[in-house]
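**Q** In this note's numbering, the protein residues as written are 381 to 764.
Ideal Cβ positions, reconstructed from N, Cα and C, are used throughout, including at glycine.
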Amino acid sequence: MRLAVLKERRPAETRVAATPETVKKYKALGLAVAVEAGAGLKAGVTDAAFAEAGAEVAPDAKAALDGADIVLKVRAPLAAGEGEVDELAMLPRGALLLGQLGTEHAGAFAERGVDAGSMELLPRITRAQSMDILSSQANLAGYRAVVEAAAAFDRGFPMLMTAAGTVPAANVFVMGAGVAGLQAIATARRLGGRVSATDVRPAAKEEIKSLGAAFIGHEDEESRAAQTAGGYAKPMSAAFLAKQAEVVADAIKKFDIVVCTALVQGRKAPTLVSQPMVESMKPGSVIVDLAADAGGNCAMTKPGEMVTTPNGVRVLGYTNWPGRIPAASSALYARNLLTFLTTFWDKEAGAPKLPPEDEIVRGVMLTRGGQVVHPSLQQQAKAA
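Take a look at the structure:
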């Protein structure tokens, strides 16, 4: 059985879906592993390192995919017209494709006859924690957000006492206390900032306080039911958002750094920082928007760019935040994929066995046997 790892060709994607560490473990399962030349270079992994781990270094995507039974990607394969290579057309029929694929490509995968699993759809259950790509990547994004904020901030992060006087600690506000937000809080605290945070979910208040940050936010009956069974934030009513915005607007003007991390699964990111809020902030302040890929939490975010507002506030709207720390994010992502495959590995058959009734498999698989099988997509098709 052959496993192929392709180079990522989508803009600003620096990660790779396997590392020498995971290649060795795939080889131990009895897999032949082919890695496209240059696949790991942006993440600091050379072709020689893959070869030393036992992989065949294939000269191009076509050679890597030739006879592949399993294909690992970070992002969805390019289709005709999307780039210089039509990766989708090269995928062998019947192959298992794993990556952060998105649901919009499901029809194309079914037509191609590929069994596609989109790992960001993994259910949030205990069994799945070690293969959860959203958590592993968000953790690094939260860390990187604070590092980037510190680099863009013109003053010191910790309090600095010198013979010439004292530099006060930076006041940091983290909006959203999921995995990324909690890591941002912890990183800002480690750097010596004075940290406050907000979140609509009831459990978040104690989590924020447990990391030594102050909680800011509106609380009412709606906020006490603001979390789904899977741990995600629910969409909130206009009335609640208005009250929360009042609290934030009153507080935000005193902060030097604001880190926005709020996402609602499957929806456009909520706008939490309005233009008037930005205009109320001090010159030299920094806003880091981790939700830029989903439209942004800040009204003045420009996805993929850092902009300076007329009042001197820097808004960092970079996309693909995990890709800004590619060596670490690739290592964790690769382990997530390895854990998924080994969890469902049939030793006798020497191949993955993906029972459709399993909760994890049902949550991840978009297509199987030329059919779209994900429950949410089937419901959408029926509704249409």
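1. Please go through the same chain and pick out, in chain order, the residues whose beta-carbon is closer than 7 Å to the beta-carbon of Gly676, but skip the five residues on each side of it.
2. Apart from the five residues on each side of it in sequence, which residues of its chain come closer than 8 Å, Cβ to Cβ, to Asn691?
3. Can you look up Ile505 in the DSSP assignment and give me helix, strand or coil?
4. Measure how close the beta-carbons of Gly493 and Leu478 come, nearest whole angstrom, since I'm counting them as under 8 Å.
5. Helix, strand or coil for Thr402? Go by DSSP, reduced to three states.
6. Less than 8 Å separating the beta-carbons of Val451 and Ala529?
7. Can you give the beta carbon distance from Leu471 to Ala419, rounded, assuming they're within the 8 Å contact cut?
8. Distance, Cα to Cα, Val413 vs Asp446?
9. Since Met555 and Thr681 are thought to touch, with beta carbons under 8 Å apart, how far apart are those beta carbons, to the nearest angstrom?
10. Let's test the definition: count the other Cβ atoms within 10 Å of the Cβ of Ala467 and tell me whether it reaches 16, buried, or not, exposed.
11. According to DSSP, which residues form a beta bridge with Phe595?
12. Within its chain, find whatever has a CB closer than 6 Å to the CB of Asp512; leave out the 5 residues flanking it on each side and keep chain order.
13. Which of the three DSSP states is assigned to Thr719 in this structure?
14. Report the start-end ranges of each alpha helix (DSSP H) in the segment 686-754 that is 4 residues or longer and not cut off at the edges.
15. How is Phe635 classed by DSSP in three states: helix, strand or coil?
16. Can you give me the C-alpha to C-alpha distance between Val425 and Ala443, rounded to a whole angstrom?
17. Report the rounded CA-to-CA distance for Glu416 versus Ala593, giving the unit in angstroms.
**A** With the given structure in hand:
1. The beta carbon of Gly676 sits closer than 7 Å to those of Ala649, Asp669, Pro683, Gly697, all from its chain and outside the five residues before and after it, given in chain order.
2. Hits under 8 Å: Val658, Glu659, Met661, Pro663.
3. In the structure shown, Ile505 sits in coil (DSSP, three-state: anything other than H, G, I, E or B).
4. So it is not a contact: roughly 16 Å between Cβ atoms.
5. When DSSP states are grouped into helix, strand and coil, Thr402 belongs to the helix group.
6. With a cutoff of 8 Å on beta-carbon distance, Val451 and Ala529 are scored as not near each other.
7. In fact, because the Cβ distance is near 16 Å, the residues do not count as touching under 8 Å.
8. When rounded, the distance between both Cα atoms is 11 Å.
9. Contact doesn't hold; Cβ gap of about 13 Å is too wide.
10. For clarity, residue 467 is Glu in the given sequence; the question names Ala instead. Around the beta-carbon of Glu467, 16 or more other beta-carbon atoms lie within 10 Å, marking it buried.
11. Note: Phe595 sits in a beta bridge opposite Ala577.
12. Contacts found: Leu502.
13. DSSP, read as helix, strand or coil, puts Thr719 in helix.
14. Counting only runs of 4 or more, we get 706-723, 739-744.
15. Coil.
16. Counting only the Cα atoms, Ala443 lies some 20 Å from Val425.
17. Roughly 45 Å separates the two Cα atoms.
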